[in-house]
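Asks:
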Amino acid sequence: MMLKKIKNALISVSDKEDLLDILETLSKFEVNIISSGGTYKKINSLGFNCTEISKYTRFKEMLDGRVKTLHPKIHAGILHDRSKKTHLNQMKKNKFPAIDLIIVNFYPFQKIVSESKNEKKIINNIDVGGPTMVRAAAKNFKNVTIITSKQDYGKFCNELLKFRGSVSLEFRELMASKAFSLTAYYDSLISNWINKKLKIKFPDRITIFGRKFEDLRYGENPHQNAAIYINDFSDKTLKLKKISGKKLSYNNYNDMVTAIEIVRSFKKLPTSAIIKHANPCGVASNKSSLKSYKDALSSDPVSSFGGILATNYKINEVIAKEIIKNYFEVVVANQFEKSALKILKTKKNMRIIDSSKYLLKDTMDIKFFDGQFLIQDKDDQNFDKEKFKILPKKRINKKFFEELLFASTVAKFVKSNAIVITKGLMTLGIGAGQPSRLDSCKLAVQKSKKFHGKKIKGSIAASDAFFPFADGLKQLTKSGVKTIIQPGGSIRDNEVIKSAKNSKVSMILTGVRHFKH
Numbered sequence: 225m226m227l228k229k230i231k232n233a234l235i236s237v238s239d240k241e242d243l244l245d246i247l248e249t250l251s252k253f254e255v256n257i258i259s260s261g262g263t264y265k266k267i268n269s270l271g272f273n274c275t276e277i278s279k280y281t282r283f284k285e286m287l288d289g290r291v292k293t294l295h296p297k298i299h300a301g302i303l304h305d306r307s308k309k310t311h312l313n314q315m316k317k318n319k320f321p322a323i324d325l326i327i328v329n330f331y332p333f334q335k336i337v338s339e340s341k342n343e344k345k346i347i348n349n350i351d352v353g354g355p356t357m358v359r360a361a362a363k364n365f366k367n368v369t370i371i372t373s374k375q376d377y378g379k380f381c382n383e384l385l386k387f388r389g390s391v392s393l394e395f396r397e398l399m400a401s402k403a404f405s406l407t408a409y410y411d412s413l414i415s416n417w418i419n420k421k422l423k424i425k426f427p428d429r430i431t432i433f434g435r436k437f438e439d440l441r442y443g444e445n446p447h448q449n450a451a452i453y454i455n456d457f458s459d460k461t462l463k464l465k466k467i468s469g470k471k472l473s474y475n476n477y478n479d480m481v482t483a484i485e486i487v488r489s490f491k492k493l494p495t496s497a498i499i500k501h502a503n504p505c506g507v508a509s510n511k512s513s514l515k516s517y518k519d520a521l522s523s524d525p526v527s528s529f530g531g532i533l534a535t536n537y538k539i540n541e542v543i544a545k546e547i548i549k550n551y552f553e554v555v556v557a558n559q560f561e562k563s564a565l566k567i568l569k570t571k572k573n574m575r576i577i578d579s580s581k582y583l584l585k586d587t588m589d590i591k592f593f594d595g596q597f598l599i600q601d602k603d604d605q606n607f608d609k610e611k612f613k614i615l616p617k618k619r620i621n622k623k624f625f626e627e628l629l630f631a632s633t634v635a636k637f638v639k640s641n642a643i644v645i646t647k648g649l650m651t652l653g654i655g656a657g658q659p660s661r662l663d664s665c666k667l668a669v670q671k672s673k674k675f676h677g678k679k680i681k682g683s684i685a686a687s688d689a690f691f692p693f694a695d696g697l698k699q700l701t702k703s704g705v706k707t708i709i710q711p712g713g714s715i716r717d718n719e720v721i722k723s724a725k726n727s728k729v730s731m732i733l734t735g736v737r738h739f740k741h
C-alpha cells in the first residue's frame, strides 16, 4: 500500500472554489500550507494559516508573476527521491523541506480563447508554473500526491481521513495518471490554438483529447462498453439537454447527430427527419409544422418505428399528440411548448432532448482504425445552381430548384450508395447503403411504390454519386421518375445521358459528389 504522510502542501489554483473542505481536512492533520498570489489571499480569507511562496523561497515573484513557483526550493521539494541518501543529504544541506502534496489547476486558457481575440491576453493565460509543478509531482508519485481537479477533492479528503493523514500509493498513481493526461491535454489546446491561427488544418502531429461526459449503458451492442467524451479542440460542446426519458445510448447519440444535421440543413421551412441506424427513413419540409411531421412519417412508416425524430421547429401540443401515436426512441427539437412536453412525457421511456444550445461547428471528420485514424474536412459543400449542367437545357424556376436542392441535400446524409426519390419537399423512398447503385435504385423505387403508389410519377431522384451504368437510371425512369439530379463524372456519362434523353427525362449534373460511409 505504501502510505505517505502529508506534512507540507503547496496549493496554487486558478479556480478557487470548493477549497473549504480540503483546507479543513488538511488543518485536522496539521499540514503546513504554502501558496501564491490570489490563492494565498483566498486561503487566508477562509481563516486558515498559509505561507506565501515568496516568503517561503525568499525570492519575490517577477516578470508580472510569470516566475513565482519556478524555484529550486519548490522543485527540489517535490522531485527528490525520499529513498536516496544523496538526495536527502542535498535537501538537508540546502535546508529544503519536502513537499508532499501539490494542489494545482491551470490558467483557463480554453475559456479565454473562446471569449477573446486578444492575443496578448491569450498568451498571458498560457500557464507555465502550474504544469511544471504538476509534471514534477506526477513523476514522483511514489512520494508525492498531485491533485489537479476539483472533482477529486472529496476523494482526497476521504483518503486522508481513512489513513489518518497519509495517502496510499494506489491513489497517488491514479492522480499521477490524471495529471499527465491533463498536462498533455493542456499543451495540445495551446498547440491547436496556434495551428488555427496559422490556418494549419493538418499539422505533422495531432493530438485528440476529450473530457468524459458520461458512461453509456453500452455500445452499439450490449457486449460493448461505451462512453461519450467532449472534444474541447472543436467549437462544439455537448449541450444536448435530456428533459425526460431513459438514459441515452451509443446508438441514440449516433442517430441524433445525423438527425440534427439534416433538419438544420433546411432553414427556410419547418423540417422533420426520422432516422434509423444513422440513415434517414423520411424527411419533409412544409410551411405547416404538422404537415412536415406527417409527411416525414408517411415516407416509410414501417422503418420509422423505434427511430429518432428531429425537428427544426417548436413542437406544439397538436404535433405532440401525433408523435405519441408512434414509437420513437428519441424526440429532438430546439423548443417544446409546455403542454407538448406534458403529452410527450406520458411516454416514459422516450427520450426528449432539447437541442437549442447544441452547436454544429465541427469542421473535421475523424475515423479510427487499428491504431491509426483518418481525418478529412467535413462535407459542407453546398450546391451552386450556376454550375448545374441541365440536360436538356431549360430554365429552372425557384420552386423547382428548391425541390432539387431538397432531394440532393437529403441524399448527402444517406449512406452510400444513396438514391433518394422525392415529390415536392418530401421523401417517397430512400435506397441506402447498397454496394450496387442499381440495388439502391430498386430499393428506393420499391419503398416509393409500397407507401406512395402512383405518387412516384413525375418525381425527382437524387443520387449521391454518378451512375456507373445506365441500368440504375432505367430502373428509376421506368417507374415514373421524371428528373434525375446527380454529380456526373462517370466514364459512361454519355451512355447515361443518352438513356435519360431516350426516356424523356431531365438530368441535372451538379459536379459535386457526396459519398458517405
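Here my numbering = 1-based position in the sequence shown + 224.
Positions of the beta carbon are idealized from the N, C-alpha and C atoms, including for glycine.
So, is D459 buried or exposed, given that buried needs 16 or more other C-beta atoms within 10 angstroms?
Replies: Residue placement at D459 cannot be trusted, given a pLDDT of 47 that sits under 50; what the coordinates show is reported in the next sentence. Exposed, by the Cβ-count rule.
Asks: By alpha-carbon positions, which one of K674, P446, T263 ends up nearest to T293?
Replies: T263
Asks: Would the segment 354-367 count as touching the segment 395-409 if we require 3 or more Cβ pairs under 8 Å?
Replies: yes
Asks: Which residue from N726, R388, F404 puts its Cα closest to that of I370?
Replies: F404
Asks: Is the separation between the beta-carbon of Y537 and that of P504 shorter than 8 Å?
Replies: Note that the C-beta distance between Y537 and P504 is not below 8 Å.
Asks: Is it true that the CB of I708 sits closer than 8 Å to the CB of E627?
Replies: no
Asks: Quick one: give me the first and last residue of the beta strand (DSSP E) that R575 is part of.
Replies: Here the beta strand (DSSP E) through R575 covers 575-578.
Asks: State yes or no: is the C-beta of A689 within less than 8 Å of the C-beta of S632?
Replies: no
Asks: Are A362 and A300 touching if we call contact CB-CB under 8 Å?
Replies: Here A362 is not near A300, since their CB atoms are 8 Å or more apart.
Asks: If E541 sits next to E561, beta carbons under 8 Å apart, how far is it from one beta carbon to the other, in whole angstroms?
Replies: 6 Å
Asks: Going by beta carbon distance, what residues of the same chain come within less than 7 Å of S251, once the five residues before and after it are set aside?
Replies: F272
Asks: Span of the beta strand (DSSP E) holding Y453?
Replies: Segment 451-454, the beta strand (DSSP E) holding Y453.
Asks: Note the first and the last residue of the continuous alpha helix (DSSP H) segment covering K613.
Replies: It is not in any alpha helix (DSSP H) - K613 instead sits in the beta strand (DSSP E) that spans 613-615.
Asks: Kindly give me the distance between the Cβ atoms of I326 and V358, rounded to whole angstroms, as I take these residues to be in contact under 8 Å.
Replies: The C-beta distance from I326 to V358 rounds to 7 Å, short enough to meet the 8 Å contact threshold.
Asks: Within 10 angstroms of the Cβ of K671, are there 16 or more other Cβ atoms? Answer buried if so, exposed if not.
Replies: buried
Asks: Ordered along the chain, which non-local residues of its own chain (more than five positions away) have a Cβ less than 6 Å from that of S730?
Replies: T707
Asks: Taking C-beta to C-beta, are S415 and F433 nearer than 8 Å?
Replies: no
Asks: Taking only runs of the alpha helix (DSSP H) that begin and end inside the segment 509-535, which ones reach a length of at least 4 residues, in chain order?
Replies: 513-523
Asks: In angstroms with no decimal places, state the Cα-to-Cα distance between N342 and T281.
Replies: 33 Å
Asks: Just verifying my parser: in three-state terms, what is the DSSP assignment at N232?
Replies: N232 falls in the strand class under three-state DSSP.
Asks: In three-state DSSP terms, what is K460?
Replies: Bear in mind that a pLDDT of 48 at K460, under 50, signals an unreliable position, so the model cannot answer this.
Asks: Check whether the Cβ atoms of G682 and G655 lie closer than 8 Å to each other.
Replies: No, the pair does not count as a contact, with Cβ atoms beyond the cut-off.
Asks: Exposed or buried, which one is K228 when buried takes at least 16 other CB atoms within 10 Å?
Replies: buried
Asks: With 16 other CB atoms within 10 Å as the buried threshold, where does H741 fall?
Replies: exposed
Asks: Taking V720 as part of the beta strand (DSSP E), name the residues at either end of that continuous run.
Replies: Note, V720: premise wrong, no beta strand (DSSP E); alpha helix (DSSP H) at 717-726.
Asks: Pick out the complete alpha helix (DSSP H) segments inside the segment 351-433, 4 residues or longer, and give them in chain order.
Replies: 353-363, 377-386, 393-421
Asks: Nearest by alpha-carbon distance to K549: which of I347, S563, I567 is it?
Replies: I567
Asks: Measure the beta-carbon distance from V255 to K231 and round it to whole angstroms, keeping in mind my assumption that it falls under 8 Å.
Replies: 6 Å
Asks: I'd like the span of the alpha helix (DSSP H) that includes L628, first residue to last.
Replies: 622-636
Asks: In or out: F528 buried (at least 16 other Cβ within 10 Å) or exposed?
Replies: Sequence inspection shows Ser at residue 528; the Phe mentioned does not correspond to that position. Buried, because 16 or more other Cβ atoms sit within 10 Å of the Cβ of S528.
Asks: Pull the bridge partners of K647 from the DSSP assignment, please.
Replies: M650
Asks: Does DSSP classify M731 as helix, strand or coil?
Replies: strand
Asks: Rounded to whole angstroms, what is the Cα-Cα separation between R441 and L472?
Replies: Each residue's Cα considered, the two are about 8 Å apart.
Asks: Would you check if the segment 649-667 and the segment 506-519 touch, i.e. whether three or more CB-CB distances between them fall below 8 Å?
Replies: yes
Asks: Whole angstroms are fine: how far does the CA of E285 sit from the CA of E276?
Replies: 11 Å
Asks: Let's see if you can read the secondary structure: which residues bound the beta strand (DSSP E) around T570?
Replies: From DSSP, T570 is part of no beta strand (DSSP E); its letter is neither H nor E.
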